[in-house]
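If you're matching positions, the sequence shown starts at 1 in full-length UniProt numbering and goes up one per residue. Note that beta-carbon positions come from the ideal geometry of N, C-alpha and C, so glycine has one too. Have a look at the structure below before the remarks.
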Amino acid sequence: MVIVDEVIIEKLKLLGLREYEARIYATLVVLGPSKASEIAKESEVPRPRVYDVLKELHKKGFVDISEGNPTYFRAVEPEKVIASLRDKYLKSSEEVIIKLKSYQKEQREEWMPVWSLQGEWNIKSKVEDLADRAKKELIIAFVDGKLALKFKKAFEKVKHRGLDVKILLLEKNKRYLNALNRFGEARCIQLEKILDRESEDFREVLAEALFSNKTPYNVKGIFVRDGEESILIYEEGGILKGLIITIPFIPMFQRKMMLHFIEKSKEKS
């Protein structure tokens, strides 16, 4: 039996093929020219459906037919099929964006102080938007340097505009620190030195409240724009999430906290 990777089937479906179309096309790529009975057996698509699916694939230009007794079918070259699916997908995407935009009513001017985010691509996009809106500075703190570098596009945006960029790395890792220094002033202070202390300084109390592992969520990083808006990135149940915060005093406190520890890091060096 032909074994077709399920990941391939799912990706073909994402590009617009139906389940049976994806299975039959992928099977034909592996088999080469074949009879419908062979395709049914190897693809595990119910035999009564195979002819209809093959005809649909032929109509789309993805399968060629050699009429005869028996009739043979062959897959059109994958690079051509994938290019066709991709072009159709992109065209449909653009049409949907235009159509949805045309449906949008005038936005209501309501102040929503906190928005919850999920999905790494969405969080990265929102951070890039934040970087675009920065007027003077972007202050950043990250527990994990590897995760911080996933946001390098946002760092590049503010660096390109000549804004003040300060980055606090809460782990001792020279490689990540050097990489982050390309985007602005990067400093390092170990997280343990923040958490394992008793202090009445509100900045250190805030840091302990944010980065303590005693809560169900695990803060990974913070971006603060001009002391007016912040995005807090955290992990909960193994899922990366985020909070956009525009309540005025919270981004201001977060900024003061991060600048405090950036100065502390200078004392250590």
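Per the C-alpha coordinates, the member of M112, Y217, A131 and G119 positioned closest to P248 is M112. Distance check between E235 and each of I222, E10, V30 and L138 places I222 closest, using alpha-carbon atoms only. Assignment of L14 by DSSP, reduced to helix, strand and coil, places it in the helix class. For the set P78, V63 and K80, the Cα lying nearest the Cα of Y72 is the one of V63. In the DSSP secondary-structure assignment, S116 is bridged to L243. Linking L180 to F155 through their CA atoms gives a straight-line distance of about 9 Å. Counting along the chain, no beta strand (DSSP E) covers E156; the unbroken alpha helix (DSSP H) around it starts and ends at K152 to H160. L15 and I24 have their C-alpha atoms spaced approximately 15 Å apart. With a beta-carbon spacing of about 12 Å, V4 and Y20 fall beyond the 8 Å limit used to define contacts. In this structure, the alpha-carbon of N69 lies about 21 Å from that of V76.
Rounded to whole angstroms, the separation of the alpha carbons of D52 and H58 is 10 Å.
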